[in-house]
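Quick note on numbering: full-length UniProt numbering labels position 50 of the sequence shown as 50, and the sequence is numbered without any gaps. For each residue, glycine too, the CB sits at the ideal point set by N, CA and C. Data block below; observations after.
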Amino acid sequence: MSIPTLTPEQLSAARDRATQARRARAELKTKVRSGQITLSEGLDEALADDTLSHIKVVDLLKCMPRVGDKRAAEIMERLDIAPNRRIRGLGRHQLDDLRAEFDPARH
1 MSIPTLTPEQ LSAARDRATQ ARRARAELKT KVRSGQITLS EGLDEALADD
51 TLSHIKVVDL LKCMPRVGDK RAAEIMERLD IAPNRRIRGL GRHQLDDLRA
101 EFDPARH
């Protein structure tokens, strides 16, 4: 099967959609990083929006205060979440465990 040839207008529209998706994902990560919303609220927002659900879990974790590459990897390993997992691919228990990790009141 070959890749379909797109018209210049279709290419432009696809580029615009991709740019909008990247901006939406960046905006969600910025809201989590700045503390406007909690990780749990960020997960809820991402699960409700197909574009946002493509964010990698590790990238969202690294938006949290005091979470860098190493701590994000440790959390993911401890919660049995694959390193390349995206939010939409998380199971119910994994979501609950992630929420509990950053919201002590949920324990």
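Pick from D59, V67, F102: whose alpha carbon is nearest that of A82? To locate residue 82, count along the sequence shown from 1; it is residue 82. The shortest C-alpha separation from A82 is found at D59.
Residues bridged to K56 by DSSP? The residue given as residue 56 occupies position 56 in the sequence shown. When DSSP reads this structure, K56 sits in a beta bridge with R86.
Under the assumption that A46 contacts L28 (Cβ atoms under 8 Å), give the Cβ distance between them as a whole number of angstroms. Working through the sequence shown from its first residue, we reach residue 46 at position 46. Working through the sequence shown from its first residue, we reach residue 28 at position 28. The pair is a contact, with the Cβ atoms about 6 Å apart (cut-off 8 Å).
For I3, does the count of other Cβ atoms within 10 angstroms reach 16, so buried, or fall short, so exposed? Indexing the sequence shown from 1 puts residue 3 at position 3. So I3 counts as exposed.
Measuring only the C-alpha atoms, how far is A100 from D50? On the sequence shown, residue 100 is found 100 positions in, with the first residue counted as 1. On the sequence shown, residue 50 is found 50 positions in, with the first residue counted as 1. One alpha carbon belongs to A100, the other to D50, and they sit about 24 Å apart.
Would S53 pass as a contact of R88 if the rule is Cβ separation under 7 Å? Taking the sequence shown and counting its residues from 1, one reaches residue 53 at position 53. Taking the sequence shown and counting its residues from 1, one reaches residue 88 at position 88. S53 places its beta carbon less than 7 Å from that of R88.
Enumerate in chain order the residues of its own chain whose CB-to-CB distance from R86 is below 8 Å, with the five nearest sequence positions on each side excluded. As a working mapping, residue 86 is identified with position 86 in the sequence shown. By the criterion of a C-beta distance shorter than 8 Å, R86 is surrounded in its chain by S53, H54, I55, K56, V57, once the five residues flanking it on both sides are discounted.
Mapping DSSP to helix, strand and coil, what is G35? Residue mapping note: residue 35 aligns to position 35 of the sequence shown, counting from 1. Coil at G35, not helix or strand.
Between which two residues does the alpha helix (DSSP H) harbouring P3 extend? The residue you call residue 3 lines up with position 3 of the sequence shown. The question names Pro, yet the displayed sequence has Ile at residue 3. Where I3 is concerned, there is no enclosing alpha helix (DSSP H), given that its DSSP letter is neither H nor E.
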